[in-house]
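Residue 10 is where the sequence shown starts when you use the numbering used here, and the numbers rise one by one after that. Glycine is no exception: its CB is placed at the ideal position from the N, C-alpha and C atoms. Everything numeric in this text was worked out from a predicted model, so none of it was measured. Heads up, the thing below is written out as structure tokens.
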Amino acid sequence: MNQASIMKGESLLKEKNLEVTYDPSNQILFCRWIGFQNRDKIISGGNKILELFKKKANCTKILNDNTEVTGPWQDAAEWTVTQWFPQMEKAGLKHFAWIFSENIFAQLSAKNAMPDSNIVTKFNSATEALEWLKSKP
């Protein structure tokens, strides 16, 4: 099962490199990153996700799908871990399921962007990630 098939609910954002959908029944924000990412795209997309997340008062969970990401985005990893994640936690993020890309360079970037926090868990499949999020309060 890929994320496109589990992204049910309200479409909040649809751009060339990022789609965001909200599932109100499970209170999960689905973020699907697509194609090559760079620092500007990551920061712009991250800020949009933050604003959309803040608008969903009861949402505490994100499924972040990088399976379609190609290439490295290393230059945005530090921003993600030092600025974006702290802002997301302050906004109420409690559980973040991160599905890694099969692209080794994208994987390395994602690993460097992961905070040393128990809110983020890495997955290789959308099914596992979704089940984990559904099991969380």
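- Task: Could you check the C-alpha separation between residue 90 and residue 103 for me, to the nearest Å?
- Result: 15 Å
- Message: Whole angstroms are fine: how far does the CA of residue 41 sit from the CA of residue 48?
- Response: When rounded, the distance between both Cα atoms is 17 Å.
- How would you label residue 75, buried or exposed, when you count the other beta carbons within 10 angstroms and need 16 or more for buried? By the C-beta density criterion, residue 75 is buried, having at least 16 other C-beta atoms within 10 angstroms.
- Query: Per DSSP, residue 132 forms a beta bridge with which residues?
  - Reply: 108
- Message: Taking CB distances under 8 Å as the criterion, tell me whether residue 69 reaches chain B.
- Response: The question asks about chain B, but that chain is absent: this structure has only one protein chain.
- Are there 16 or more other CB atoms within 10 angstroms of the CB of residue 66, so buried, or fewer, so exposed? Exposed, since its Cβ has fewer than 16 Cβ neighbours within 10 Å.
- Item | Anticipated Cβ contact below 8 Å, residue 72 with residue 138, distance rounded | 5 Å
- Using the C-alpha atoms, what's the distance from residue 39 back to residue 12? For residue 12, the predicted structure reports a pLDDT of 47, less than 50, and the residue's modelled location is therefore unreliable. A value from the coordinates is still provided. Each residue's alpha carbon lies about 8 Å from the other.
- Task: Using the DSSP secondary-structure output, state which residues sit across from residue 62 in a beta bridge.
- Result: None, per the DSSP bridge assignment.
- Query: To the nearest angstrom, how far is it from the Cα of residue 140 to the Cα of residue 84?
  - Reply: 31 Å
- Message: Can you tell me whether residue 42 is helix, strand or coil according to DSSP?
- Response: strand
- Strand pairing of residue 50, partner residues [DSSP]: BP columns for residue 50 are empty, so no partner.
- Task: Give a yes or no on whether the C-beta atoms belonging to residue 70 and residue 36 are separated by under 8 Å.
- Result: yes
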